[in-house]
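Residue numbers (the numbering used here), protein chains in the order written: chain S, 1 to 480; chain B, 481 to 697.
No residue lacks a Cβ here, since even glycine has one placed at the ideal position from N, Cα and C.
In this text the structure is predicted, and so the values were computed from the model without any measurement.
Each remark here refers to the structure printed beneath this line.
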Amino acid sequence: MTLVPRSLRWRLQLWHSLLLMVVLIGFGFTAYRMYAETRYRQLDGELRLRVQELTAHLDRGGPRPPPRGPGEQRREPPPRARGDEGPPLGRPPLESPLFTRESGFYFAVWRRDGEVLERASYAPADLKRPVRSPETVRTRDGFREIYMFTPPGECLLAGVSEAPLQAELGKTILHLTLLGGLVWGAGLLIGSWFTGRSIAPLQEIGATARRIAEGALEERIPPPAGGQELVEVAAILNETFARLEATFREQARFTSDAAHELNTPVSIILGQAQLATSRPRSMEELTEIIGTMRRSAERMKSLIESLLVLSVLDSHAAEAPQIPCDLAELAEEQVAALQPLALERQVQLVTACAPAPCTGDPDRLAQVFTNLLANALKYCRPGDRVCISTGTENGCSIARVADTGPGIAEAHQARLFQRFYRADASRNRTTGGAGLGLAICKSIVGAHHGTIYVEPAPPPGITFAFRIPRTTADADVNRS
Amino acid sequence: MRILVVEDEPDFLRTLLQALREEGYAVDGAADGEEGLYKAKETDYDAIVLDAMLPEIDGFELLRRLRLHKPTPVLMLTARFATSDRIRGLDTGADDYLTKPVDFGELFARLRALIRRAAGTAIPVVQVGEVEVDLSARSVRRAGEPVELGAREYALLEFLVQHRGRIVTRTQLYEHLHDENDSPLSNLVDVHVSNLRKKVGFDFILTHRGQGYSIGR
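Next up, the structure:
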């Protein structure tokens, strides 16, 4: 289990608080160190000052034993009246505001031979003469002492208990900690508030997006406050939703159109069936009725086949084969297949096919030609001409089907490739077809990463063209 | 009764025409909105069966324009079943609305209802003297005994009953009993009247010289 929380907001706060804590600790620690050092330096300064005073005191003729005469024995110093081990030889004891019991500064002076010459009464009992060494500062048992050895060999020492300073430093630590804690707490609160404010729009976007995704597809995310990044995210999401909505609408329209298309032949079949059974019918009548029913059934069959083709293309169900083929060959084949029909309708089929290699599904590509040619033949009048050409241009293989027929009004051209769209706007079945032929062409060409379009050309007639990149690398070029 | 069917799908139009004719109506057809509107304005049909999706002028537009001139009962047929389409159709002036595929039985019943309403005869069974005419069942009884009538005869009787109490001119009868493809001799009306009288009673139909015929209340 991870200690890192999953919420972005809490994660931000965790890191933020950790960082702040580290900074505060570092800062506080440094401040404390500096302060402690300063205070100790100050203390040492005070001690040094007092050692100087001791030196001066000594120089003023403080307790220094007179030189011994020959044969004189060392005399015990007479007890001092005040009970201090004062100067035994009549020199005035050290009286200085620098050394008072209250201030805590004590002193001691040793003679050359190690015996105490003078000593503050309140000095710690276990005060011993320091060993002669280059160090002049020592800390001993909670007392800080500075001493000095004079040239004759006396030792002057001033000391003080560290306890007050320690206490003070202790308090400083406490204060720093409290202050740091406060600052940290405040930082957390502010950070938390700020993080919340920044995250809130994100949560709102999330909530709106969920609502939209669950069905309210027409809704959009309003532009959020709080930063360019959020605005961009919202914009991208809105774009996606718009596309989703369009797709669903397209789907719904497609389904509805398909149902509508099937409805009419079904109505005819049912109507004819009712006629057949409403009264006794002769064989001829029945034959005619069955003929009409059959026509409608054939229409439904062809429509269903088209729908299935579209559905397979839509779902990319089968792995599209990648077979090298040539548009020119495919065109020639389909022209040959439709030649009889063209002759019947007295329409001329002309080819001008240069090699146009590509890779893909040759059967499907052939279907594109079939649909385009069939359309052309359907709408052309006797005497019209249909010209099929193929070739390569700009790294793409391109094919054109141009006819001299009645053409299609520009207003319709934009929507020609829409499913079920029929330029004559009527659903007149005598001309056959449900409006899916061009939609199928578009799907097939699209599956080959190509484009199909109406090429502007002088009247009469209309020219359909489609181009397919020769390789997938060209596909990207083609798309741009 | 004369009906106009406006439907662009040729096979379906044919089916409807045949079915309605066999039901005893005189039926005209139109394959697009323009033709339909023209015919509807030209002739006084007893009812119009109108497809919503038509080339040239669509069904709703035809209806809208027709309603500026005539109150002919209109039954709309469509493959679209969205409620909004129904509402639109009814609000534009249709009197009824059916979705395809349509059951002919229901279509005929609704047409009969439309025609009844338009003529003001709400009750499907009409009694005139000792003659009882069941407009729904399309049957006639005289003094309780069923009377066999030919299609044209019944149509004639029905028309007279729908307009009973009023004088119906021979021209009207001619127009409402024959469709455009029929152009029989004008005295065929008299022949039918005569045949009808033989079956339901001579004084059942009154002759108004120079004006027409009528059936009493």
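C-beta neighbour in chain S for residue i, strict 8 Å
i	result
Gln642/B	no
Lys580/B	yes
Leu530/B	no
Arg560/B	yes
Ala499/B	yes
Glu586/B	no
Glu610/B	no
Asp491/B	yes
Thr495/B	yes
Reference residue i; option with closest CA among the options
i	options	result
Glu218/S	Asp59/S, Pro124/S, Thr240/S	Thr240/S
Glu633/B	Asp488/B, Leu578/B, Val613/B	Val613/B
Tyr122/S	Ser103/S, Leu43/S, Gly187/S	Ser103/S
Leu343/S	Cys358/S, Gly383/S, Glu333/S	Gly383/S
Ala559/B	Gly159/S, Thr390/S, Ile146/S, Ser267/S	Ser267/S
Tyr654/B	Glu515/B, Gly516/B, Thr523/B	Thr523/B
Trp15/S	Thr195/S, Thr351/S, Ala167/S, Leu176/S	Thr195/S
Asp361/S	Cys441/S, Leu436/S, Val347/S	Cys441/S
Thr38/S	Leu169/S, Glu204/S, Ile323/S	Leu169/S
Leu438/S	Pro458/S, Ala246/S, Phe417/S	Phe417/S
Val22/S	Gly180/S, Gly407/S, Gln251/S, Leu308/S	Gly180/S
Glu135/S	Leu275/S, Glu145/S, Phe420/S, Ser17/S	Glu145/S
Pro324/S	Arg422/S, Ser397/S, Leu156/S	Ser397/S
Tyr577/B	Pro604/B, Arg547/B, Phe540/B	Phe540/B
Ala434/S	Gly450/S, Asp44/S, Leu303/S, Leu237/S	Leu303/S
Arg470/S	Leu373/S, Arg33/S, Gln322/S	Gln322/S
Cβ of residue i within 8 Å of any chain B Cβ
i	result
Ser426/S	Note that Ser426/S scores a pLDDT of 49, beneath 50, so its modelled location is shaky; the value from the coordinates is reported in the next line. Cβ-Cβ to chain B under 8 Å: yes for Ser426/S.
Arg6/S	no
Leu275/S	yes
Asn371/S	no
Arg279/S	yes
Ile268/S	yes
Ser296/S	yes
Gly206/S	no
Extent of the continuous beta strand (DSSP E) to which residue i belongs
i	result
Ile398/S	396-403
Gln348/S	348-353
Ser619/B	619-622
Ile173/S	Segment 163-213 is the alpha helix (DSSP H) holding Ile173/S; no beta strand (DSSP E) there.
Val131/S	No beta strand (DSSP E) holds Val131/S; DSSP gives it neither H nor E.
Glu628/B	No beta strand (DSSP E) holds Glu628/B; DSSP gives it neither H nor E.
Ser564/B	It is not in any beta strand (DSSP E) - Ser564/B instead sits in the alpha helix (DSSP H) that spans 563-572.
Met481/B	It is not in any beta strand (DSSP E) - Met481/B carries neither H nor E in the DSSP assignment.
Tyr577/B	576-579
Tyr379/S	Unbroken run through Tyr379/S is the alpha helix (DSSP H), 362-379; no beta strand (DSSP E).
His688/B	685-688
In DSSP terms, what residue i is bridged to
i	result
Tyr453/S	Ala465/S
Val486/B	Ala510/B, Leu530/B
Val606/B	Val613/B
Ser389/S	Ala352/S, Arg400/S
Arg494/S	Residue coverage of chain S in this structure runs from 1 to 480, which leaves residue 494/S outside it and unanswerable.
Arg6/S	Per DSSP, none; premise fails for Arg6/S.
Trp110/S	Val116/S, Cys155/S
Arg145/S	First, the residue type needs correcting, since residue 145/S is Glu and not Arg in the sequence shown. DSSP output for Glu145/S lists Arg138/S, Gly159/S as bridge partner(s).
Val648/B	Tyr693/B
Val554/B	Ile528/B
Buried/exposed call for residue i, threshold 16 Cβ in 10 Å
i	result
Phe466/S	buried
Asp363/S	exposed
Pro78/S	Reliability of the predicted coordinates at Pro78/S is poor, the pLDDT of 49 falling under 50, and the value obtained from them is presented with this limitation in mind. It is exposed - the Cβ of Pro78/S has fewer than 16 other Cβ atoms within 10 Å.
Lys518/S	Shown here, chain S extends from 1 to 480; a query on residue 518/S therefore has no answer.
Arg689/B	exposed
Arg479/S	Note that Arg479/S scores a pLDDT of 49, beneath 50, so its modelled location is shaky and nothing firm can be said.
Ser296/S	buried
Tyr518/B	exposed
Ile190/S	exposed
Met481/B	buried
Ile29/S	The residue you asked about is not Ile; residue 29/S is Phe in the sequence shown. Exposed.
Ala216/S	exposed
Glu154/S	buried
His175/S	exposed
Residue span of the alpha helix (DSSP H) that contains residue i, given as start and end
i	result
Met283/S	283-315
Leu270/S	228-278
Phe588/B	584-599
Glu344/S	327-344
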